[in-house]
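Each remark here refers to the structure printed beneath this line.
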Amino acid sequence: MITPYKDNTSGKKEQVARMFNNIARRYDFLNHFLSLGIDKIWRKKAVSYLKDLKANPKILDVASGTGDFAIATLKLKPQKVIGIDISEEMLNMGIQKIRKKKLDHIIELKKGDSENLEFEEQSFDGLTVAFGVRNFENLTKGLAEMHRVLKADGKAVILEFSKPRVFPVKQIYNFYFRFILPFIGKIVSKDNAAYTYLPESVNQFPEREDFIQELEKVGFNDCIFKPLSLGIATIYVGKK
């Protein structure tokens with residue numbers, strides 16, 4: 003199992019929470035800077051896969067962080083968006099952002115464990131996750147919880163980093179992920195491990211058809227995947 007801090011004996015969940023607490027104040031800047039702003043386009047594309055939900059849906063954003071994906075779902079005109087995350091510092095940054103945008107009457111961010119969701123079965127019409135499932139300590143349990151809280155005919159949309167397979171994008175991507183991203187991330191975030199963990203976690207993540215199998219294993223149907231930006235990221239969609 004890939005963890006952020008190799009010299010730490012605590013579990014992955016605790017390490018991931020610590021990592022995001024450490025980088026929370028620089029997270030949004032680094033996220034947009036290191037992706038050249040493309041991550042905003044990816045989120046918009048991912049949200050478009052939920053446009054066929056019923057009017058005014060109730061949305062759960064898992065591993066919400068600072069709330070960017072939760073905010074992106076407002077295009078669906080939801081009645082309510084709840085975002086959960088294990089990092090208190092990330093949530094604090096997100097709450098400030100949402101209050102500044104005067105969206106706190108629609109979006110609620112709160113601490114929560116994606117592998118032990120506090121919500122009743124069939125509570126949400128739609129569910130989103132951006133760059134979070136890689137960080138699950140128990141992937142199957144986390145996906146099963148997502149399936150459990152979705153209503154019948156509900157849909158989950160997951161946005162995650164992936165590995166390009168086309169020359170020369172693959173080679174450029176690998177060089178950037180192995181050398182440039184960890185170097186810049188270390189300097190700006192002041193956390194030596196966070197942006198080394200990112201490429202390591204992407205490399206070990208079961209992507210494309212393998213991840214579709216993980217979704218189907220917990221009960222999702224009609225699952226598809228859509229590579230973005232020549233395979234740098236991938237959207238996964240599963241229905242209940």
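Here the sequence shown stands for residues 3 to 242, numbered as in this note's numbering. Glycine included, C-beta positions come from ideal geometry on N, C-alpha and C.
Of the other Cβ atoms in all chains shown, fewer than 16 fall within 10 Å of the Cβ of GLN206; this residue is therefore exposed. As DSSP reads the structure, ILE237 sits in a beta bridge with LEU161, LYS228. Spanning the alpha carbons of LYS112 and GLY85 requires a straight line of approximately 6 Å. The alpha carbon of TYR178 has as its nearest neighbour, out of ASP193, GLU202, LEU161, the alpha carbon of GLU202. A Cβ-Cβ contact shorter than 8 Å links GLU216 with THR142.
In the DSSP assignment, ILE40 falls within the alpha helix (DSSP H) that extends over 40-50. When rounded, the separation of the alpha-carbon atoms in LYS192 and ASP87 is 22 Å. In the three-state scheme derived from DSSP, where H, G and I count as helix and E and B as strand, LYS15 is classed as helix. Straight through space, the alpha carbons of ALA154 and ALA48 are spaced by roughly 20 Å. DSSP places ALA74 in the uninterrupted alpha helix (DSSP H) bounded by 70-74. Under the three-state reduction of DSSP output, VAL168 falls in the coil class, being neither helix nor strand.
Fewer than three beta-carbon pairs drawn from the stretch 121-139 and the stretch 97-104 are found closer than 8 Å, and the two stretches are therefore not classed as touching.
GLY144 places its beta carbon less than 8 Å from that of GLU117.
Between the C-alpha atoms of PRO184 and LEU38 there is a straight-line separation of about 15 Å.
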